[in-house]
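Counting in my numbering, the sequence shown runs from 117 upward without gaps.
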Amino acid sequence: MLSGGAAMSGDDDGKWLDAHYDPLAGLRTFTSCVALADLSGDGDARLVAADLGGGHRPAVKLKVYQGTALSGESVLLDLPCGLVTFFMDLHEPRVPAVAVASGSCVYVYKNLRPYFKFTLPGLGVDESEQDAWREAREGRIDPPALKELLESLRNKSDAPLSARSLRFLSTDAENLEDFVRLHGQQPVKRQTVITCISTLKKSTADEDGVSCLLIGTESAHLYVLDPEAFIILAKMSLPAPPTAMDVTGQFDVEFRITAACRDGNIYVLRRDSERAKYRVELTSHPVGLLRVGKNVVVGTADRNLQAFTQKLWKVTLPAAIRTMAPMELPARGLQAVLVALANCEVHLYRDKNLLSTVKTPAAVSAVRFGRYGREDGTLVMSTEGGGLMVKILKRTAEFRERDGAPGPPAAQSVRLDVPKKTKLYVDQTLREREHGAAMHRAFRMDLARLRLAAARAYARALESSLAPVSSGPGRSLKINAAVRGLGPSFELTLGLQNTAACRPLLDLAVSFLYDPASYRVRDPLLKIPMLLPGPVYPLRTLVECVGDVSDVIKVFVLAGRRSAPLLTAHINMPAGEGAR
Numbered sequence: 117m118l119s120g121g122a123a124m125s126g127d128d129d130g131k132w133l134d135a136h137y138d139p140l141a142g143l144r145t146f147t148s149c150v151a152l153a154d155l156s157g158d159g160d161a162r163l164v165a166a167d168l169g170g171g172h173r174p175a176v177k178l179k180v181y182q183g184t185a186l187s188g189e190s191v192l193l194d195l196p197c198g199l200v201t202f203f204m205d206l207h208e209p210r211v212p213a214v215a216v217a218s219g220s221c222v223y224v225y226k227n228l229r230p231y232f233k234f235t236l237p238g239l240g241v242d243e244s245e246q247d248a249w250r251e252a253r254e255g256r257i258d259p260p261a262l263k264e265l266l267e268s269l270r271n272k273s274d275a276p277l278s279a280r281s282l283r284f285l286s287t288d289a290e291n292l293e294d295f296v297r298l299h300g301q302q303p304v305k306r307q308t309v310i311t312c313i314s315t316l317k318k319s320t321a322d323e324d325g326v327s328c329l330l331i332g333t334e335s336a337h338l339y340v341l342d343p344e345a346f347i348i349l350a351k352m353s354l355p356a357p358p359t360a361m362d363v364t365g366q367f368d369v370e371f372r373i374t375a376a377c378r379d380g381n382i383y384v385l386r387r388d389s390e391r392a393k394y395r396v397e398l399t400s401h402p403v404g405l406l407r408v409g410k411n412v413v414v415g416t417a418d419r420n421l422q423a424f425t426q427k428l429w430k431v432t433l434p435a436a437i438r439t440m441a442p443m444e445l446p447a448r449g450l451q452a453v454l455v456a457l458a459n460c461e462v463h464l465y466r467d468k469n470l471l472s473t474v475k476t477p478a479a480v481s482a483v484r485f486g487r488y489g490r491e492d493g494t495l496v497m498s499t500e501g502g503g504l505m506v507k508i509l510k511r512t513a514e515f516r517e518r519d520g521a522p523g524p525p526a527a528q529s530v531r532l533d534v535p536k537k538t539k540l541y542v543d544q545t546l547r548e549r550e551h552g553a554a555m556h557r558a559f560r561m562d563l564a565r566l567r568l569a570a571a572r573a574y575a576r577a578l579e580s581s582l583a584p585v586s587s588g589p590g591r592s593l594k595i596n597a598a599v600r601g602l603g604p605s606f607e608l609t610l611g612l613q614n615t616a617a618c619r620p621l622l623d624l625a626v627s628f629l630y631d632p633a634s635y636r637v638r639d640p641l642l643k644i645p646m647l648l649p650g651p652v653y654p655l656r657t658l659v660e661c662v663g664d665v666s667d668v669i670k671v672f673v674l675a676g677r678r679s680a681p682l683l684t685a686h687i688n689m690p691a692g693e694g695a696r
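In structure tokens:
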């Protein structure tokens, strides 16, 4: 069915077959204006797209492609903003209808022929604006005065002006009178326009079940239309105009609408709720929104692809996002996201893992995956220059996850096997809740007692000069001692350090106090040179044990003519021959 063309695109992993490429197809459209559906009921799916026109072909058309050829087209009256296919009834044969949102109207085509036109209800017009146009129509004010009055209303009134008043304000001064003469006799109306369109299953979740139309408008409203009578079944409000929507559930049972709005937030609405119940704030404006399984995947303008609901992850892309589309293969159990980038690449992501990359000759503006013709795994793309590209997924293709995104490893997203809460844990939790204040007071009391005991011990050490650290005024010393030898002769090594910031110490000496019946020290008094801040200065002397009883040798650090030592240390010496 599909024929190979001048295939100028390729993929880096060999999973796709180039079925067709026509760079001169002249199809300029977006993903929201493209659908794949069996419009004839013969099992041969077709491509239906709303062509925006451009260049030497300014006409806006609804085009239908069968295979690689254009099988039909219809002229549209205004630029489209969305296109969906849906089943209106249960009549046989089961053929879907096509709904095109354009301006303030929805055009429904059945069997590729115009079937129905639905126009959005008008909005309320400010009474002051109506009075101003009535006075101009009756000749009580001239066109310049009318312009001044409308400008003051635009700056002060909460309700926006109608399209006629806005056009009048943008008209040149010499054409104001002609504008009033041409449009002044008509009633003032304010009409909104459609920003996005989607479908909502009515009562069953079957693939060919009857669906309602869901319409988002510039006035920040959502309308649910009956598929047969095309009357408004429900009306909901949003804080800002929606730009993309995703719908799950059935209208008669329970449904959930996820809408990405122009204020940079995502809102969630449920059945019987006229206003949004939940809000998700984004770091940048959304450029695409779709649901994959139980996760809502959003692409933002700051080159990020992130998911919400069950799994929270975020991937930074190498280029800006042009468009997004879902990719589902039920036979393989694959649910993924197609992301078209500005660097002429289309990435396929499952969660945050990159599965495949398709390179294109130009940036892609529209992408759809599904059944085209009689091939289930077909990727249809439209480039910004108007080219049409068709690729077919190989039946032998295998998608292996390769996590090339920076950040935490994939194992971090695995849920921990948290043990169940025991009775002891529950009892302790209840006790902490009931007696939290008393437990905190007891903790503070014990901490205060510990601090008091430490302060008292430190004070006693300072009073008895037994601390190995001295921090007197102008002097800061630290000493440590080591005894080496097996006996009866030992080497006593002292390490003396000036811990001051930048002040050296002068005129110091070290003296030893010991029992002459037990020990004999070779140098009982050691002169110390100038101590610079930082280094540890070693002092060595020999000690000979002459008794059988171990005793303590006291070490005093003296300064000048001071009677009290700066520092005192006690060294426990061994006694007897062979002592360690």
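Beta carbons are placed, not taken as given, at the ideal position from N, Cα and C, and that holds for glycine. The model shown is predicted, which means the values in this text are computed figures rather than measured ones.
How about residue i and residue j: do their beta carbons lie closer than 7 Å?
i: Gly-142; j: Gly-502; result: yes
i: Ala-356; j: Arg-372; result: no
i: Leu-192; j: Leu-178; result: yes
i: Ile-348; j: Ala-217; result: no
i: Leu-285; j: Leu-266; result: yes
i: Asp-134; j: Leu-504; result: no
i: Val-150; j: Arg-484; result: yes
i: His-337; j: Ser-327; result: no
i: Pro-402; j: Ala-376; result: yes
i: Ala-598; j: Thr-609; result: yes
i: Pro-620; j: Cys-661; result: no
i: Pro-259; j: Val-224; result: no
i: Leu-155; j: Leu-163; result: no
i: Thr-308; j: Glu-334; result: yes
i: Leu-398; j: Thr-425; result: no
i: Arg-387; j: Glu-370; result: yes
i: Ser-481; j: Ser-498; result: yes
i: Arg-270; j: Leu-277; result: yes
So, with DSSP's three-state summary, where would you put residue i?
i: Glu-251; result: helix
i: Ala-303; result: Looking at the sequence itself, residue 303 is Pro, so the reference to Ala does not match. Here Pro-303 sits in coil by DSSP.
i: Lys-393; result: coil
i: Arg-576; result: helix
i: Lys-272; result: helix
i: Leu-610; result: strand
i: Phe-284; result: helix
i: Glu-491; result: strand
i: Met-561; result: helix
i: Ser-679; result: coil
i: Asn-227; result: coil
i: Ala-649; result: Contrary to the premise, residue 649 reads as Pro rather than Ala in this sequence. DSSP places Pro-649 in strand when its eight states are reduced to three.
i: Asp-242; result: coil
i: Gly-552; result: helix
Pop quiz: residue i and residue j are said to be a contact at Cβ under 8 Å. What is the actual Cβ separation, rounded to whole angstroms?
i: Ala-248; j: Leu-262; result: 6 Å
i: Ala-458; j: Arg-487; result: Contact flag wrong, Cβ pair sits at about 29 Å.
i: Phe-314; j: Leu-298; result: Note on residue identity: the sequence assigns Ser, not Phe, to residue 314. That belief does not hold up - the Cβ atoms of Ser-314 and Leu-298 are roughly 38 Å apart, past 8 Å.
i: Arg-253; j: Gln-301; result: 6 Å
When burial is assigned at 16 or more other CB atoms within 10 Å of the CB, is residue i buried or exposed?
i: Tyr-541; result: exposed
i: Gln-544; result: exposed
i: Ala-122; result: Summary for Ala-122: the model assigns pLDDT 42, below 50, so the residue's position carries little reliability, and this model does not support an answer.
i: Gln-422; result: buried
i: Cys-197; result: buried
i: Ala-680; result: exposed
i: Pro-654; result: exposed
i: Ser-119; result: Only weak support exists for where Ser-119 lies, its pLDDT of 47 falling under 50; the coordinates are left without a value.
i: Gly-255; result: exposed
i: Ala-441; result: buried
Quick check on this structure: which residue in the options has the alpha carbon closest to the alpha carbon of residue i?
i: Val-455; options: Leu-445, Arg-448, Gly-449 and Pro-434; result: Pro-434
i: Asp-207; options: Asn-271, Leu-316, Gly-325 and Leu-163; result: One detail in the question is off: residue 207 reads as His in this sequence, not Asp. Taking only the C-alpha atoms, the option nearest His-207 is Gly-325.
i: Ser-319; options: Asp-368, Ala-350 and Thr-308; result: Asp-368
i: Arg-531; options: Leu-428, Ala-436, Thr-512 and Met-497; result: Leu-428
i: Val-671; options: Arg-306, Lys-430, Arg-678 and Asn-596; result: Asn-596
i: His-686; options: Pro-645, Arg-407, Ser-627 and Ala-680; result: Ser-627
i: Val-652; options: Leu-593, Leu-629, Gly-663 and Leu-642; result: Leu-593
i: Cys-221; options: Pro-649, Arg-395, Leu-236 and Val-241; result: Leu-236
i: Ala-345; options: Met-204, Val-214, Thr-364 and Ala-447; result: Met-204
i: Gly-650; options: Asn-271, Gln-613, Leu-509 and Gln-302; result: Gln-613
i: Val-412; options: Glu-444, Val-453 and Thr-287; result: Val-453
i: Tyr-231; options: Pro-212, Ser-244, Arg-490 and Glu-243; result: Pro-212
i: Arg-638; options: Val-384, Asp-623, Phe-606 and Thr-184; result: Phe-606
i: Leu-228; options: Leu-277, Gly-157 and Pro-276; result: Gly-157
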